[in-house]
Ligand SMILES: [Zn+2]
Ligand SMILES: [Zn+2]
């Protein structure tokens with residue numbers, strides 16, 4: 676909260692982020708051989724940076740944060756919205772039932 680702290684962009688609106696939400700752990704299939712279904716690993720996603728308004732909405736569950744695991748993206752966005760690579764953001768393990 677000191678002036679001069681580098682501004683971080685909100686994952687949803689791109690505005691100044693003031694809140695940080697800890698990302699859930701998620702197991703993603705990301706092996707050297709994509710054809711090997713036994714290979715998976717737990718990826719620890721970076722913390723989610725949000726503005727105050729969106730942090731409240733995410734905590735209340737009115738907005739769902741998604742993740743695009745495409746190598747070109749690996750960014751957060753709203754579930755169901757298209758990411759910059761064209762894929763839709765997928766659900767994280769934040770909801771009670773996936
Ligand atoms: Zn926002
Ligand atoms: Zn993407």
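In our numbering, the protein residues as written are 676 to 773. Glycine included, each C-beta is placed from N, C-alpha and C at the ideal position.
Residue i to residue j span [Cα, whole Å]
i: residue 771; j: residue 759; result: Confidence in residue 771 is poor, its pLDDT being 42 and thus under 50, which makes the residue's placement unreliable; the coordinate value appears in the next sentence. Each residue's alpha carbon lies about 28 Å from the other.
i: residue 691; j: residue 727; result: 9 Å
i: residue 773; j: residue 767; result: Its pLDDT being 39, under 50, residue 773 is placed unreliably by the model, and the measurement read from it follows with that caveat. Distance between the alpha carbons of residue 773 and residue 767 is about 8 Å.
i: residue 699; j: residue 719; result: 7 Å
Option nearest residue i by Cα separation, candidates the options
i: residue 751; options: 745, 741, 757; result: 741
i: residue 746; options: 761, 767, 698, 737; result: 761
i: residue 744; options: 736, 689, 721, 734; result: 721
CB of residue i within 8 Å of CB of residue j, strictly
i: residue 729; j: residue 687; result: yes
i: residue 695; j: residue 723; result: yes
i: residue 685; j: residue 731; result: no
i: residue 738; j: residue 756; result: no
Residue interval of the alpha helix (DSSP H) (run including residue i)
i: residue 727; result: 727-735
Closer than 8 Å to chain D by CB, residue i
i: residue 690; result: Structure shown: chain D not included; a single protein chain is present.
N- and C-terminal bounds of the beta strand (DSSP E) containing residue i
i: residue 752; result: 750-753
i: residue 694; result: 694-696
i: residue 741; result: 740-743
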